[in-house]
Amino acid sequence: MGLGYVLLKRLQRERRHRRRSRHALVPDESIASPEKRKGSCYQQDDSPRSGKKMRYSGNVAAYTFPLMPMKDAARAACLSSAFLYSWRNRPKLSFSTETMGIVEGTTDFIRKIDRVMEKHSGIGVKALTIEFNGLFSTKARSYLERWLQIAVTPRIEELSLSMSKGKAYYDFPCSLLSDGSGSSIRLLDLYCCTFRPTAEIGCFQSLTRLHLEYRLTYVEVRGCSRLRVIENKAPNLHSLHIFYQAYHPIQLSFGESSLVKNLSIGYSSVLNHACAELPYIFPNLETLTIRSLGEMVSTPMVPNTFLHLKYLCITLSAVTLSPSYDYLSLVSFLDACPSLDTFIVDVSAKHPENDSIFENPSHLRQLPEQRHDNLRNVKITGFRSAKSLLELTYHILENTSVECLTLDTSFESFRCSPGKPGRCSRMPKDDLMEASKALFAIRTYIEGKVPSTVRLNVVEPCSRCHVMEPFTVETRK
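Residue numbers 1 to 477, in UniProt numbering, belong to the letters of the sequence shown in order.
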């Protein structure tokens, strides 16, 4: 016997007792004092004797109403004005075929929920759960959005929507979570919904649990520095993007049969993590973008293989590279990707001065021969005169079937075009000097080793927007 049932029976007894008392009293007979009615949830009001009435104290409603099941709460609200007030301000709303009782199809289910939401003030709602359980239809969309507008306020903490699998999917209106409405959400649970948050929503600063089931194909996580675990069981997820400023790796749990094919990931120690764990976690990857955000060290050997990887982009964006960083160590990724077609290295980090080939003009190292015959396109942006970077380039020319090699010596995020307004993005003087050194290194160490079957593209800083002094060995100090 539930709490709601007990309260209903008590209210009914009190109501019958009040009616009998009114009929039994003579005109000048007073109503029993509250002391004589100890234990009753009714009190005598202070109106004149002729208008004395019994009123509900409200204490029971305040403390017990939020604990009552939805059906019992609705019945209680019909019997008491105090319970009716609590009903209109109920903090937790849960609608399903279980909580709403017997329903005769979608129309009846919608009608019952709509009657409840029309009487609810929307004030103080902290949790909203709607489970359609096969009853969601196109007709329900407009009603659902109206219910959400009532309940989703800056105070809501839990939101759970369960649509109908195999029927019309619901495009969740992410705009409802803007203007601070999403800042208080701790739990967001969406089943068979399309969820496309935008930058206007802002940060889910209170979110501790996110559950997305069915129709989930793309996930992007940015800036969540305290995030520790991402667990996925969505069978259709094929693209995952994770970028955050932290030194710890996120624990990724995707199951042995993960179908994720496109992965972009970036944090401080990502290169070590990518080498050691990503082949296990994402065995079916076809494209991989890695962005290292911390101080660089040499890339370790990759003990496992990305059997299906065809596109690999590695961005080295640390503020300053370690003087001992070895670009040639990136060959370990080539060894681990037998199907690789495109390899891109973006060197946007500052270089120590002593790593230049002109500071250490010894012979270029050569690794044992290891063929990468599926590799066709290689691009190195931010190409510099670092000795190990030249060694990496030489290794690619000697051990692959590359058809197009692009060496971009500019640091221009935007490049002007003839006949169009605007100028290239500004390049600092030091970058212009390094670009000049890189061009000299390419002519000296690379161009003569390029086979006739390879198309070499050398990109220089824009001469229209930049003045670059030529570099010669004699000018070095």
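Beta carbons: idealized from backbone N, C-alpha and C, even for Gly.
* At 3 residues or longer, and completely inside the region 200-287: list those beta strand (DSSP E) runs for me, N to C. => Restricting attention to beta strand (DSSP E) runs no shorter than 3 residues, the region 200-287 encloses them at 209-213, 218-222, 229-231, 239-243, 251-253 and 262-267, ordered along the chain.
* Within 10 angstroms of the Cβ of Gly180, are there 16 or more other Cβ atoms? Answer buried if so, exposed if not. => By the neighbour-count rule (16 or more Cβ atoms within 10 Å), Gly180 is not buried but exposed.
* To do: Can you tell me the Cβ-Cβ gap for Met468 and Ser436, rounded? I've got them flagged as a contact below 8 Å.
  => That belief holds up - the Cβ atoms of Met468 and Ser436 are roughly 5 Å apart, short of 8 Å.
* To do: Compute the distance between the beta-carbons of Ala274 and Asn304, then report whether it is under 8 Å.
  => no
* Asked: For Val331, which residues does DSSP report across the bridge?
  -> In the DSSP output, where bridge partners are listed per residue, Val331 has none listed.
* May I ask you to check if the CB of Arg111 is nearer than 7 Å to at least one heavy atom of the ligand NAP? => The ligand NAP is absent from the structure shown, which contains no ligand whatsoever.
* To do: Would you mind giving the Cβ-Cβ distance between Leu439 and Thr409, rounded to the nearest angstrom? I have them listed as a contact below 8 Å.
  => Their Cβ separation, rounded to whole angstroms, is 6 Å, which keeps Leu439 and Thr409 in contact under 8 Å.
* To do: With a threshold of 16 other CB atoms inside 10 Å of the CB of Glu131, please say whether the residue is buried or exposed.
  => buried
* To do: Classify His395 as helix, strand or coil using the three-state DSSP reduction.
  => Three-state DSSP puts His395 in a helix.
* Asked: Going by Cα to Cα distance, which pick from Leu407, Leu307, Lys310 and Arg196 is closest to Ala346?
  -> According to the sequence displayed, residue 346 carries Asp and not Ala. Of the candidates Leu407, Leu307, Lys310 and Arg196, the one whose C-alpha sits nearest the C-alpha of Asp346 is Leu407.
* Is there contact between the region 225-237 and the region 196-207, where contact requires at least three CB pairs shorter than 8 Å? -> no
* Report the rounded CA-to-CA distance for Pro48 versus His120, giving the unit in angstroms. => Any reading at Pro48 is ruled out, since the residue's pLDDT is 45, under 50, leaving its predicted position unreliable.
* To do: Tell me where the beta strand (DSSP E) around Ser162 begins and ends.
  => Going by DSSP, Ser162 is part of the beta strand (DSSP E) stretching over Glu158 to Ser162.
* Where the alpha helix (DSSP H) containing Tyr143 begins and where it ends -> Ala140 to Ala151
* Asked: So Val116 is in the beta strand (DSSP E); what residue range does that whole segment cover?
  -> Not the beta strand (DSSP E): Val116 falls in the alpha helix (DSSP H), residues Gly105 to Lys119.
* Considering Phe440, what are the terminal residues of the alpha helix (DSSP H) in which it resides? -> Note, Phe440: alpha helix (DSSP H), Lys429 to Ala441.
* **Those residues which DSSP pairs with His372 across a bridge** => Thr400
* With DSSP collapsed to three states, give me the class of Glu359. => coil
* When you compare only the Cα positions, how much space is there between residue 478 and Cys465? -> Residue 478 lies beyond the residue range present for the chain, which begins at 1 and ends at 477; the question has no answer from this structure.
* Asked: Within the chosen definition, does the region 259-268 reach the region 230-250 through at least 3 CB pairs nearer than 8 Å?
  -> yes
* To do: Report all residues from its chain with a CB closer than 8 Å to the CB of Thr208; omit the five preceding and five following residues, and keep chain order.
  => Closer than 8 Å at the Cβ level, and outside the excluded window around Thr208, lie Arg186 and Leu187.
* **One or two residues paired with Lys92 in a DSSP bridge** => Ala127
* Tyr56 (DSSP reduced to helix, strand or coil) -> A caution first: Tyr56 carries a pLDDT of 44, below 50, which makes its placement in the model unreliable, though a value can still be read off. Strand at Tyr56.
* Asked: With C-beta atoms as the reference, is Thr99 less than 8 Å away from Ala140?
  -> no
* Hey, out of Arg415, Phe411, Ile446 and Cys416, whose CA is closest to Lys429's CA? -> Phe411
* Own chain partners of Ser339 with C-beta closer than 7 Å, once the 5 adjacent residues on each side are dropped -> Leu307, His308, Leu309, Lys310 and Asn374
* Could you check the C-alpha separation between Ser258 and Ile230 for me, to the nearest Å? => 13 Å
* So who's on the other strand from Arg291, going by DSSP bridges? -> Gly266 and Thr315
* Residues bridged to Phe343 [DSSP beta-bridge criterion] -> Leu312 and Val378
* Asked: Bridge partners of Asp326, per DSSP?
  -> When beta bridges are read from the DSSP output, Asp326 appears opposite no residue.
* To do: Return yes when the Cβ of Val454 is within less than 8 Å of the Cβ of Leu367, no when it is not.
  => Going by C-beta atoms, Leu367 is not nearer than 8 Å to Val454.
* Pick from Val116, Arg111, Thr129 and Met117: whose alpha carbon is nearest that of Ser96? -> Per the Cα distances, Thr129.
* Got a sec? Which residues, its chain only, sit under 6 Å from Val378 by beta carbon, not counting five neighbours each side? -> The beta carbon of Val378 sits closer than 6 Å to those of Phe343, Ile396, Val402 and Leu405, all from its chain and outside the five residues before and after it, given in chain order.
* **Glu359 to Tyr394 span [Cα, whole Å]** => 19 Å
* Asked: Among Ser178, Thr381 and Glu434, which has the Cα closest to the Cα of Glu353?
  -> Glu434
* To do: Could you check the C-alpha separation between Glu460 and Leu432 for me, to the nearest Å?
  => 10 Å
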